[in-house]
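Asks: Each residue of the sequence shown is one higher than the one before, starting from 511 at the first, in the numbering used here.
Think of the CB as a built atom: it goes at the ideal place given N, C-alpha and C, for glycine as much as any other residue.
These figures come from a predicted structure and were not determined experimentally.
Below you'll find the structure I mean.
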Amino acid sequence: MAAEEFRIVDGLYYTKEHMWVKAEGDDAVVGITDYGQHQLGDVVYVELPEVGIEVEAGDKVASVESVKAAIDVFSPLTGKVISVNEDLKEDPSLVNTDPYGEGWLYEIKMTDPSELEDLMTPEDYRAYIEELESEEEV
Numbered sequence: 511m512a513a514e515e516f517r518i519v520d521g522l523y524y525t526k527e528h529m530w531v532k533a534e535g536d537d538a539v540v541g542i543t544d545y546g547q548h549q550l551g552d553v554v555y556v557e558l559p560e561v562g563i564e565v566e567a568g569d570k571v572a573s574v575e576s577v578k579a580a581i582d583v584f585s586p587l588t589g590k591v592i593s594v595n596e597d598l599k600e601d602p603s604l605v606n607t608d609p610y611g612e613g614w615l616y617e618i619k620m621t622d623p624s625e626l627e628d629l630m631t632p633e634d635y636r637a638y639i640e641e642l643e644s645e646e647e648v
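Here you go:
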C-alpha cells in the first residue's frame, strides 16, 4: 500500500515505532497509528499498563498481539500512566477499526512535555512511511 493510503492525523505527534501522541497540557493520550495497526493485522489481545506506574521514554508499557505478530509497546514519553482504555480488554479490534479514536491505549501525565519535540510531525511521519514503503518495493 502507498503511504498516502494511511490516515495520518494533523495535530498529533508520531514515533518511528508507529505510535501517535495527542498532547493536551501536561497530559497525553497514546495509541497505535493507522499504518502500525495495518502492519499488525487483526489485533486479538492488548495488555495495558497499570494505572499509576511511572515510565521513562523508551520503557516497555504494553503489548499487543495480532494474528500476525506480538509486539511490545514502548512509551514515547516520560511520566505517570493516569488511565488506560479498558474497552480494549473486551474489544481489542478497536485498535484496527478506530486507531485514532476508540482504539487509544493509555493516557500519561508527562513529566517533561519538551520530549514532544523529539517526536515526528505528521509531515515527518508521512515521509518516514514513504521511505519504509519504498524500501519494501526493492
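(1) On a CA-only basis, which of Lys599, Tyr635, Lys619 is nearest Ala538? Give me that one, please.
(2) Which of the three DSSP states, helix, strand or coil, is assigned to Val575?
(3) Please confirm whether any heavy atom of the ligand GTP lies closer than 6 angstroms to the CB of Glu643.
(4) Mind reading off the beta-carbon distance from Gln547 to Val553? Whole number of angstroms is fine, and I expect it under 8 angstroms.
(5) Out of Ala579, Asp628, Asp569, state which residue places its alpha-carbon closest to the alpha-carbon of Gly551.
(6) Residues in the same chain with beta-carbon distance under 6 angstroms from Val610, minus the five sequence neighbours each way, listed in chain order, please.
(7) Can you check which of these residues, Val556, Ser573, Asn606, Ser585, is closest to Glu596 by C-alpha distance?
Replies: Quick answer:
(1) Mapped onto the sequence shown, residue 538 falls at position 28. Ranking Lys599, Tyr635, Lys619 by Cα distance to Ala538 puts Lys619 first.
(2) Within the sequence shown, residue 575 is the residue found at index 65, counting from 1. Val is not the amino acid found at residue 575; the sequence shown has Glu there. Strand, per DSSP.
(3) This structure lacks the ligand GTP; in fact it carries no ligand of any kind.
(4) Position 37 of the sequence shown, counted from the first residue, corresponds to residue 547. Position 43 of the sequence shown, counted from the first residue, corresponds to residue 553. Rounded, the Cβ-Cβ distance is 7 angstroms, consistent with contact.
(5) Against the sequence shown, residue 551 aligns to sequence position 41. Closest by alpha carbon: Ala579.
(6) Reading the sequence shown from its first residue, position 100 is the one you call residue 610. First, the residue type needs correcting, since residue 610 is Tyr and not Val in the sequence shown. Excluding sequence neighbours, Tyr610 sits near Val519.
(7) In the sequence shown, counting from the first residue as 1, residue 596 sits at position 86. Checked all of Val556, Ser573, Asn606, Ser585; the closest Cα to Glu596 is Val556.
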